[in-house]
Amino acid sequence: MGIHFSSLRLRISLLLGVILLYVVVAICYRTIERRDADIAKALEALRTQAALVADQQSGIVQETRDLATFLFIGRDPTPFARTDLCSQALARFLKRNQALDNIRLIQADGSVLCSGRAAAFDAAKNRAFAGAVLNEPDVLAGTVTISTTDGKRILPIGIAIRTGAQAPSLLLLASLDLGWFGRRLGEASLQGGTRMGLVDSQGNVLAHYPDPARMVGKKISETAFFQNILANGGQGTGEQPGLDGQLRLYAFTPFTYASGGPIYLWAGIDKNTVTAAADHQLLSGVALWLGLALVSFLVVWFVGDRLFIRPVSVITETARKLSSGDYLARTGMVADGSEVGELAAMVDRMAASMASKAEILRLNRALRVLSGCSKNIVLAQSEEALLDETCRTIVEAGNYLMAWITFRVQDDAKSVHIAARYGANISWLDGVPISWSDDHQGGGPTGKALRTGQPQLVQDIAAELDLGPWQEKIYALGSRSAVALPLTDGGIAFGALTIHAAQAHIFNPEEVALLEELAGNLTFGILTQRSKQERQRAEERVERLARFDTATDLPNALELVSSLELVIRRSLANGGQFALVTMHIERLLDIQDVIGMAGADEIVRQLAQRVSAVTGGVHFIARVARDAFAMIMPLDVESLAAIPRYIEAITEVPYEYAGIPVDIQISAGSAVYPEHATDPDALVRRSDIAARQAWSQGVIHNLYGGESERESPERLTLLSDLRQAIRTDQLVLFYQPKVSAQSPAVITGAEALVRWFHPLHGAVSPASFIPLAEQTGLIKPLTYAVIEMAARQVATWQHANKPMRVAVNISPQNLLDPDFFDFVSSLPERTGAALSGLDLEITETALMSDPERARQVLEQFARQGMRIFIDDFGTGYSSLAYLATLPIYALKIDRSFVMRMNEPKYQTIVSSTISLAHGLGLKVVAEGVETWEQAEFLRDQQCDDIQGFLYSSPKAAEEFVEWCEVELQTIHTR
Ligand code: C2E
Ligand code: CA
Ligand code: CA
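If you want my numbering, it's the position in the sequence shown, counting the first as 1, plus 106.
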């Protein structure tokens, strides 16, 4: 503050200086004027003096003339004979005129008649002058002569004394003492240092004062001084150098006219003498004023501070505080009626009104912030958005400098997470190590609020001692005050809302209270958002569980269908083709028996990884069943051909679980869009069928080829044809024998396999129409028809005394059919066949859909003496241990295993299946046996029965009977 007020002082001093300058200039001006006036006055005095002296001289001349006239009037020349009387008269005259050295009455011959005083006179020398005077009607001046006796300069003046008409013979000769004139001038001089002189027209100095001895007689005709006198016509005044070269004031005047020309008189005085008074006046005036100025300056400097500057500085400081937002600032000065006092009072009144206005504005602002933030809390879509919006609203609606929201981190450093922030230059917060620990890092309002759970108010950032290492930075960014409000849950501050303002002392209690309310609302908003998010996450988890497989994290069947919908829509748009490839992991259940559920999951996980690694992760892969994956593949010639390679790559290296190497067998099938199907369900089903066919055909990959599965007019025709076929006996049963593995001559039973001889298409494979019947509900009448035919055949053979057990294939739907058992029970009555001659073949999958119901139904059948065979054993998911609890007679090992029995792995599977089944009291039938090697191996493994082309393909009833007889003989003869 020193600078402001010293500059005010300086200004006042300057003002003072200017005033002084004016005064000094005025003094100088007046001095110059006075000098000029003094000079003029002196010159005038000189001129007068010179004129006076000249006048005296002319007076003398006049008196001399008068005397001459007086001497003549009324007298005759005789009285002059009385020389004594004459001398007396002249002496009196001489006495009166001190300028005269002498006065004489002289005769024409130059001799002296009488004189004012007795003195030597050279008559001869003066004869010529006397003659000249006598011829002159008026006074005649002679030439200056130097007295031989006393060295005086004498100017002779002569005038003839005229008596009547006669020529004059007498003359008066007055000797003017030029020295006297000089002295006279000296006496009359105004001041000391006055110079006077007489000079004749030839430049001879006739008289001089002072120092006549040196100067009189000097010739000065060459000097500038003399030339100047001549140039002015011998008359005038002026300032010029004197004979000694010194500048003086001079006045000149012609003195008298002598016979040698005019004589000039001059008078001079030192200019300094003339101006001395004025100069003295100037000096003393200036000195006086300077003294006054010094005193005034000192007064301004020291007393002015008290009188003027201090009150002004108080007012200024108050105004400054007001402008920085400190509306509580007041001058505290008493209104004493002075202008400054009035100003102070006005500032105080203004401050009061500003304070109340600011108060209202500030509360309005805080209310605006509060309502804006409440809106955010209601509308926010996420916690993040809520925090961001809150900070933004606080800064923008509240006109604060910056705002941020922090959360307490429970770590060793007690660090702080900045969750949201807003404001100009807010990026300064980047990497700022705010902490809630009790040290320097935690010294700011944020850290303290987090630590104590209490609101922290900093009214003046600059005045505070320790607000953390970033205090100066905050100040440099314009922050002057701050408030940090804890966000508390259960009494503990989990976060804080920090607000910085650009003005000090801006947060008053009402505003802080409103901001605290805001912090409370914000806490509520955050907690609401968090619980909402938790709920959402839970929902997402459920959603994910529904759409993703937990073991592999791959999409599941549901997700596959929605992806297929998407791909189909895209393909519809661009005419693209793609294949859905289904990959079955064979015998996963057996693997699971060995390594457990977690192990199996792990294997599946590894498999999924290998699949995506092999395909480059570019295809959509889903786990569609516990043991099946499906992959959507854009279609081109190579892509389908590459599938076996992919699968080989996936299965080449054994998998591993807990150190146990696990070999995996995969069968893949593809269905192509749009060739094989155009909707997701059909694609899934058909690629699955294709995969199953691949397994049964002993190939790695199989392209779907089931004609009957086509969603085509042919299929619909086929369907109605089948309905027709069931009613009109187009269906025929073929029989395939099951022979004893140990003694092939013993036929242990026959399997009834349905055949459809279509009037137009000829023989249709059950592999194509059975699934069709299963899908459409036709399976019920079909199975009923088949069983009835089988029962009649059994009855026929019983009557013919060639009893033969006949096994009928039933579908999963039949097991769930409530009429099914009743229908079967009615068979003996209607056909005459004993139920104990009928067997049922059922797949394990059929048992799994409703195990409890399956158990009940099977037990009912078993009680009727019917035997239950588990068909296609090994392709489903059931475990042997479970099957053993059901009333099951035998397992039929699926053809896909028998067919692979040249491989040691499958030999192991088959042999262990046989021994396990035996262990559980089950018989084992091997299906699809085609070679002697297979038959021999099975016999060695103690397999019970064998069914397959090796012995017989399915045959019509008559042929079957024929075969039985022939075969039995053949076998017997072998
Ligand atoms: P399945 O029950 O496994 O029947 C055995 C199938 O294997 C029969 O095919 C049979 O002809 C064939 N087969 C038998 N020995 C050999 C062999 O050594 N090598 C080869 N490659 N194949 C052999 P088919 O008759 O075409 O029947 C196919 C499937 O249709 C049957 O499989 C069965 O699941 C179903 N099916 C047949 N008839 C009926 C029926 O009346 N009702 C029901 N529900 N399903 C039937
Ligand atoms: Ca069967
Ligand atoms: Ca079978």
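Quick reminder that beta carbons are idealized off the backbone N, C-alpha and C, glycines included.
Going by beta-carbon coordinates alone, are residue i and residue j separated by less than 8 Å?
{"i": "R514", "j": "L556", "result": "yes"}
{"i": "V845", "j": "T854", "result": "yes"}
{"i": "A906", "j": "L933", "result": "no"}
{"i": "F287", "j": "P262", "result": "no"}
{"i": "V511", "j": "L485", "result": "Looking at the sequence shown, residue 511 is not Val but Ile. Their beta carbons are not under 8 Å apart, which means I511 does not touch L485 by this criterion."}
{"i": "A856", "j": "F1003", "result": "no"}
{"i": "L620", "j": "L591", "result": "no"}
{"i": "A714", "j": "R729", "result": "yes"}
{"i": "L349", "j": "F361", "result": "no"}
{"i": "N627", "j": "S480", "result": "yes"}
{"i": "D306", "j": "I252", "result": "no"}
{"i": "L173", "j": "A214", "result": "no"}
{"i": "I766", "j": "I701", "result": "yes"}
{"i": "I999", "j": "T1019", "result": "yes"}
{"i": "V768", "j": "Y779", "result": "no"}
{"i": "D593", "j": "A582", "result": "The amino acid at residue 593 is misidentified as Asp; the sequence shows Leu. Contact flag unset, no."}
{"i": "V83", "j": "M1005", "result": "The chain is shown from 107 up to 1080; residue 83 falls before or after that span and cannot be answered."}
{"i": "E345", "j": "K377", "result": "yes"}
{"i": "A913", "j": "L888", "result": "no"}
{"i": "H864", "j": "A797", "result": "no"}
Is residue i close to chain E, meaning its C-beta is less than 8 Å from at least one C-beta of that chain?
{"i": "A503", "result": "Within the model displayed, chain E is absent; a lone protein chain is all it includes."}
Using only CA atoms, which one of the options lies nearest to residue i?
{"i": "Q966", "options": "F926, G597, G548 and G980", "result": "F926"}
{"i": "V159", "options": "S849, L261 and L371", "result": "L371"}
{"i": "R223", "options": "R198, A960, A1063 and A679", "result": "R198"}
{"i": "L986", "options": "Q698, E708, D785 and A719", "result": "Q698"}
{"i": "V440", "options": "M456, P417, L428 and A425", "result": "P417"}
{"i": "N915", "options": "V870, L922, L469 and F975", "result": "F975"}
{"i": "R153", "options": "L246, I532 and G374", "result": "G374"}
{"i": "F726", "options": "I701, D733 and F684", "result": "F684"}
{"i": "D454", "options": "T629, A151 and L434", "result": "L434"}
{"i": "E959", "options": "M972, T949, L922 and E935", "result": "The sequence shown places Arg at residue 959, not Glu. Nearest of M972, T949, L922 and E935 to R959, Cα basis: L922."}
{"i": "S955", "options": "S984, V405 and G804", "result": "S984"}
{"i": "A280", "options": "L336, Q163, A901 and I885", "result": "Q163"}
{"i": "L413", "options": "P850, Q803, R115 and L989", "result": "R115"}
{"i": "K1011", "options": "Q771, P316 and V1035", "result": "Q771"}
{"i": "N338", "options": "A357, I876, E502 and Y1057", "result": "A357"}
{"i": "D733", "options": "T552, S637, S773 and A748", "result": "S773"}
{"i": "L120", "options": "L400, V912 and L200", "result": "L400"}
What does DSSP give as the partner residue(s) for residue i in the beta ladder?
{"i": "S521", "result": "S541"}
{"i": "A310", "result": "Reading off the sequence shown, one finds Asn at residue 310, where the question assumed Ala. Its beta-bridge partners are K325."}
{"i": "P661", "result": "F654"}
{"i": "H606", "result": "M508 and A588"}
{"i": "M302", "result": "Y315 and A373"}
{"i": "G868", "result": "H864"}
{"i": "G344", "result": "Y356"}
{"i": "L277", "result": "I212 and A266"}
{"i": "V564", "result": "A588"}
{"i": "A1062", "result": "F840"}
{"i": "L946", "result": "V914 and I974"}
{"i": "I772", "result": "I691"}
{"i": "A599", "result": "T594"}
{"i": "I1052", "result": "V845 and A1032"}
{"i": "V778", "result": "A685"}
{"i": "D283", "result": "I260"}
{"i": "L997", "result": "I976 and V1030"}
Unbroken stretches of the alpha helix (DSSP H), 4 residues or longer, contained in the region 367 to 444 = 377 to 404 and 416 to 429
Under a criterion of Cβ closer than 6 Å to any non-hydrogen atom of ligand 3, which residues qualify, in chain order?
-> D977, D978, K998 and E1033
Sequence ranges, alpha helix (DSSP H) only - wholly within the region 717 to 761, length at least 4 = 743 to 758
Hey, which unbroken runs of the alpha helix (DSSP H) at 4 residues or more fall wholly within the region 797 to 864?
-> 819 to 833
Residue ranges of each beta strand (DSSP E) within the region 457 to 544, 3 or longer | 508 to 514 and 522 to 529
Any chance you could list the beta strand (DSSP E) runs of at least 3 consecutive residues sitting entirely within the region 197 to 234, in chain order?
-> 206 to 213 and 218 to 221
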